[in-house]
Amino acid sequence: MGIKPKSAGFKEITVSPKFGSQLTEVKGGYRTPHGEIVVSWQRNQQLVKLEVVVPKNTTVEIQLPQLSNKSLTLNGNVVTAASELKQLEAGTYQIEGVLHAAFD
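Throughout the sequence shown, residue numbering follows this note's numbering, covering 6 to 109 in sequence.
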């Protein structure tokens, strides 16, 4: 799932999922002192759809080195910089992107 604390007590969280070629769908979570963070993704060939549910009183940074920056969307809006995936507050986020050819 790639869920890791960025600060003590999971106040800040890093999500960095790895999209393998053998799996087409993954869902999991981790219960923090602030609530559960949930990460799920589906892969259809090169297209990846990711959903991250961030608990209250926390922020998350989503790291997606396997996806092309040219194709990323966050909640339907084009992501123009990786900084748009940092300091995301409580809520549900849908991210779509295309895998780099090297990660296929």
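Note that beta-carbon positions come from the ideal geometry of N, C-alpha and C, so glycine has one too.
Note on Thr29: under 16 other CB atoms within 10 angstroms of its CB, so exposed under the neighbour-count rule. Linking Thr85 to Gly14 through their CA atoms gives a straight-line distance of about 31 Å.
Rounded to the nearest angstrom, the Cβ distance from Val20 to Val65 is 6 Å, consistent with a contact under 8 Å.
With a 10 Å radius around the Cβ and a threshold of 16 neighbouring Cβ atoms, Val44 comes out buried. The Cβ neighbour count for Pro70, taken over all protein chains shown within 10 Å, is under 16; the residue is labelled exposed.
Note on the region 39 to 97: whole beta strand (DSSP E) runs with a minimum of 3 residues are 40 to 49, 52 to 59 and 64 to 67, in chain order. Counted as a single uninterrupted DSSP element, the beta strand (DSSP E) harbouring Gly33 occupies residues Glu30 to Thr37. A straight line joining the alpha-carbon of Gly34 with that of Gly40 spans about 10 Å. In the three-state reduction of the DSSP assignment, Gly7 falls in the coil class.
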